[in-house]
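Below is one structure; the comments refer to it alone.
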Amino acid sequence: MSIYNDYIQEIEERKQQGLHPKPIDGAELLSEIITQIKDVNNPHRADSLRFFIYNTLPGTTSAAGVKAKFLKEIILGESLLEEINPAFAFELLSHMKGGPSIEVLLDLALGTDLSIAAEAAKVLKTQVFLYDADIERLKNAFEEENVIAKEILESYVKAEFFTQLPEVAEEIKVVTFIAGEGDISTDLLSPGNQAHSRSDRELHGKCMITPAAQDEIKALQAKYPEASVMLIAEKGTMGVGSSRMSGVNNVALWTGKQASPYVPFVNIAPIVGGTNGISPIFLTTVDVTGGIGIDLKNWVKKVDAEGNVVRNEKGEPVLEEVYSVATGTVLTINTRKKKLYNGEQELIDLTKSFTPQKMEFIKAGGSYAIVFGKKIQTVAAKILGVEAVSVFAPSKEISVEGQGLTAVEKIFNRNAVGVTPGKILHAGSDVRVEVNIVGSQDTTGLMTAQELESMAATVISPIVDGAYQSGCHTASVWDKKAQANIPKLMKFMNDFGLITARDPKGEYHSMTDVIHKVLNDITVDEWAIIIGGDSHTRMSKGVAFGADSGTVALALATGEASMPIPESVKVTFKGEMKDYMDFRDVVHATQAQMLKQFAGENVFQGRIIEVHIGTLPADQAFTFTDWTAEMKAKASICISEDDTLIESLEIAKGRIQIMIDKGMDNEKHVLQGLINKADKRIVEIKSGEKPALTPDDNAKYYAEVVIDLDIIAEPMIADPDVNNDDVSKRYTHDTIRELSYYGGDKKVDLGFVGSCMVHKGDLKIVSQMLKNLEEQQGKVEFKAPLVVAAPTYNIIDELQAEGDWDVLQRYSGFEFSDLLPKSTARTEYENMMYLERPGCNLCMGNQEKAAKGDTVLATSTRLFQGRVVEDSERKKGESLLASTPVVVLSAILGRIPNIEEYKIAVRGINLTKFAPPLKQLVG
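The opening residue of the sequence shown carries number 108 in the numbering used here; numbering runs sequentially from there.
Here's what the structure looks like:
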């Protein structure tokens, strides 16, 4: 049976799911299709033509190479088709974005047939995804006085690839669709449990919100064909939780427009809104697709005649509606006036949605085209020895005389490229920065690979210090979906130049370590900028930004990222931790105390949290920086004392060396290079040449928050508050409650110690608690299941060496096996301890889940509806988040303990402690 017949069979199977043919990315299938096209008597010829023209993926896929080659044959007259003449062949090449298509266009433009060369040049002038080899060909041809090459370069200098695009419409009609009340998690738009299908855009699109919501969107489109549907988070923030490119892709698939008529299921220009705006990392993803994000401000806090905020019986602000965005409301966006209207009535100002830079993204159909376009313009001008024409909006450069720099401002100034020489930039400045470390995770990695192919990238940028492809999100269950996707991903990324969790050659042991822990270890400079494909890319060294799969691809391909320098909020501590408290409680208390100090306003949202944590090594400090995603911060920075930073770097060196010893380094010796950088940094700190990063004492902050450790008297639990009468206040991470709130009798159905929030000390706490409880009670008996997943294999190795893993094994009823990994997800749990494979496990929700309707107490990060546990008919599932000792004790008791039970259980245990620095950490 031919590969084409296999494809036809797959098409029939997809029809049963209501799906179209899957886009073609393989050379073998497309070669067979081309053979059938050339045979005018072939019965499959009509379908083959349709697949070739409309259903082949562009960029650097192997299919794109075959397609470009065939189109070249048509243009040169070597193949004659009635349906595809040379003019149409050029049009198809113009939609293939880069890679093989650019190679073909350059062959034609620099060839001897002048009429063909002129047509090829016309197309090349519209293209932006050119790389060094492509530019080198143009440069060489120009130096040999090739007229066409000069003409193309002159066009690039004038940025005609951008200036000749249609202008953004002055008016955009939208019809509203309320996706939900309260914060809209990206899990609603692209559920974690459907992560396996993200690279199949049409299939994955079927999981957005609900089938009923999809039908309602289609009905609105039919009723208002002139309007775009705007998805709205009523009384909340749109896109919290992660950047999730697949979420934006799904919104664009249902409400946007097709990017190219010849590329299926790749849509752009989604429009989203939220009463409290758009989550910063999600908004970046919206920009990638040329979309629009709107801070609606359609509900505000009610005030009395004296201007005081009116509060309800719970002490919470009462909201009142300023204007309605009820589903089906037709509104008008005026991009010139930058206003939102309902008929003639002006509703709000949209200046922030339509900055000059964002207008460029919208015009170009996404931010990639602008990033690559600017680069090509600069290089072309250099080749021609001329000044680049001023076309793009100038980057905003804000410099305040006499004002010091926050830590993030210092990092951005050091890493900035293309700014005015000698100018010191402050928050609000638009900056292009070099990226030091990049991370790709496995459920978005296939999309990152697709993005790299679509932008015709074939190798990692040489300015990136190190990059890692994880296997943690598919670690729990090695099922058929993982077996089909992950090896292919690992090979692509390994070939591209990343260090990969799994060896495509099978020579080193698979490492399913949680990506954030690995990135935290391979970040060996607190001045680094890190970009990672997950919202919890929040290292405790350097400044790290969670990003969509496209921004990760851009960082890998170019070694750069673009964004405004964010404002910072300074967090310091006073007082002393109680001896029975764990640092996780300090993390939760930070959120609670901040909200109280600022009357419910989340001053962290969209900003950098500069946390002066000083004395806490990177492993433990990551518990704080990791949680800043739940605080809705854009990112965070730890300010450390010199000795603490040196300790953290030594730990990182040791763990990188283990990776090298396992055989994970590549031919460029990236991992050894990181150890060398760490050694250099340690010498700089010890010598006093360059002490640990600190902000200036006269830096300016949006706000300063002081956390009082003395008043943290009980363990703090983040509660999804699933039965709150106000729907908008459910599943927010903002409800932080003391242990005593639960009265010692709230039933717990399952406990989970794992995810990126835990470190080696947490696993040692589990071991110590079990030994203590056995001594106190004669035995350890679990009244609820306890799932334990170490975040990394390195930690297990260290626990084995220190004797703690033996203790955990003794009390467990299940231990993972690398030789025989689970092939199906667990759906039922017994009252015992499960030692699971390192990785995300329950936190991700794409493989393992608790039983429907369970009450889960976990050390992880996510409490969104349906993430860790789904609702049942009998009750809502709920995932409460707490420290390791609280979770362990709750699993043993089958309920949340009271404070006295807790204090007894942790007596003599080495909990994670923190003492504020004795001196201010400023430069």
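All C-beta atoms in this analysis are idealised placements derived from N, C-alpha and C, irrespective of residue type, glycine included.
- Under the three-state reduction of DSSP output, Y114 falls in the helix class.
- Excluding residues up to 5 positions away in sequence, I477, F499 and A500 lie with their Cβ nearer than 7 angstroms to the Cβ of E467 in the same chain.
- Restricting attention to I1006, C947, L1000 and V976, the CA atom closest to the CA of H580 is found in C947.
- In terms of CA proximity to K129, R305 leads the group L454, R305 and E258.
- V963 has its alpha-carbon roughly 6 angstroms from the corresponding atom of L987.
- Beyond the five residues adjoining it in sequence on each side, T842 comes within less than 6 angstroms, by CB distance, of D826 and D828 in the same chain, given in chain order.
- Cβ-Cβ separation between A224 and I255: approximately 5 angstroms, consistent with a contact (criterion under 8 angstroms).
- Close CB contacts of Q557 within its chain, under the 7 angstroms cut and outside five residues either way in sequence, are with S306 (chain order).
- Taking the CA atoms as reference points, K145 sits about 8 angstroms from L188.
- Remark: C-beta atoms of L870 and I818 do not approach each other more closely than 8 angstroms.
- The beta carbons of T619 and G578 sit closer together than 8 angstroms.
- Contact between the region 582-589 and the region 923-934 is present: three or more C-beta pairs spanning the two stretches fall below 8 angstroms.
- Restricting attention to A1022, E905, D856 and L532, the CA atom closest to the CA of K807 is found in L532.
- If the five residues before and after L199 are omitted, its C-beta is found closer than 8 angstroms to the C-beta atoms of I160, K174, L178, I191 and Y369, all from its own chain and listed in chain order.
- Per DSSP, I824 is one residue of the beta strand (DSSP E) stretching across M823 to A825.
- Here the region 528-547 lies against the region 667-680, with 3 or more beta-carbon pairs under 8 angstroms apart.
- In this structure, S967 lies near S862, with their beta-carbon atoms less than 8 angstroms apart.
- Distances from the alpha-carbon of S874 to those of V895, K890 and G509 put V895 closest.
- Pairing E258 with A228 gives a Cβ-Cβ distance under 8 angstroms.
- The distance from the Cβ of G920 to that of Y941 is about 7 angstroms, consistent with a contact at the 8 angstroms cut-off.
- Rounded to the nearest angstrom, the Cβ distance from P1004 to G851 is 6 angstroms, consistent with a contact under 8 angstroms.
- The region 1008-1018 and the region 698-718 do not touch, with fewer than three beta-carbon pairs separated by less than 8 angstroms.
- Collapsing the DSSP output to three states places R714 in coil.
- Secondary structure of P798 (DSSP, three-state): coil.
- Ranked by how close their Cα comes to the Cα of Y809, the residues I720, I716, V437 and L626 have I716 in first place.
- CA-to-CA, the gap between E494 and A487 works out to about 10 angstroms.
- For M940, DSSP records a beta bridge to L893 and S919.
- Residue nearest to G511 within the set A989, A412 and T801 is T801 (criterion: CA-CA distance).
- The region 660-706 contains, as complete beta strand (DSSP E) runs of 3+ residues, the segments 667-671 and 675-681 (chain order).
- DSSP places T293 in no beta strand (DSSP E) but in the uninterrupted alpha helix (DSSP H) bounded by T293 to L296.
- For V373, the enclosing beta strand (DSSP E) has its first and last residue at V370 to I375.
- Closest by C-alpha distance to T442, out of V429, P463 and T436, is P463.
- Between F372 and V976, the alpha-carbon positions lie close to 31 angstroms from each other.
- The beta-bridge partner set that DSSP reports for N441 consists of E278 and K446.
- Taking the Cα positions, L217 is about 31 angstroms away from S155.
- Look at T458 here: in three-state DSSP terms it is helix.
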